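Below: one structure, written as structure tokens.
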Amino acid sequence: MGTEINKQLGKRIQYLRKQRGFSQEKFAEAIDIATTSLSYIETGRGFMSLTTLEKMTEVLDVELHEIFQFISIKTNDEMYDYLIKKITDIKDDNDKLKTVYSILKNIL
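Anchor point for the sequence shown: position 106 equals 106 in the numbering used here, and the numbering is continuous, going up by one each time.
What follows is the structure, encoded as structure tokens:
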């Protein structure tokens, strides 16, 4: 049985894989593991080696820290704090700030 962090990590890997258009079979082949092993990783029931993790970053074309960018938000206060932090982080990046502003303006 997987721990919560394994499940979140697995979901993140699955999200990145799908976002880049890989089927489970093609991605498993590209990182040199069995499809069943990838399935276990993505569902939080399996573990991966550091070598496999490194191959994932190469094939997905992401930095290692991006694989671990998942969050678990449970309360309104946590969501608010998270959003404020993210907006504060981009306050000096005019393009990103304009994009966030446009998105929020359109959905609120």
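Glycine is no exception: its CB is placed at the ideal position from the N, C-alpha and C atoms.
Because the structure is a prediction, the values reported are computed rather than measured.
Q) Nearest CA to the CA of Ala-30: which residue from Arg-12, Gly-44 and Lys-55? A) Lys-55
Q) In or out: Met-48 buried (at least 16 other Cβ within 10 Å) or exposed? A) Burial call: buried.
Q: Quick one: grab the DSSP three-state call for Ile-13.
A: helix
Q: Note down the Cα distance separating Thr-99 from Gly-21, rounded to an integer number of angstroms.
A: Distance between the alpha carbons of Thr-99 and Gly-21 is about 25 Å.
**Q.** Proximal residues to Met-1 (C-beta, below 6 Å), its chain only, five neighbours per side dropped
**A.** Summary for Met-1: the model assigns pLDDT 48, below 50, so the residue's position carries little reliability; its value from the coordinates is reported in the next sentence. Same-chain partners within the cutoff: there are none.
**Q.** Supposed contact pair Ile-33 and Thr-52 - C-beta distance, whole angstroms, cut 8 Å
**A.** 6 Å
(Q) Rounded to the nearest angstrom, what separates Phe-27 and Gly-46 at their Cα positions? (A) 16 Å
Q. Would you report the Cα separation of His-65 and Asp-77, rounded to the nearest angstrom?
A. 25 Å
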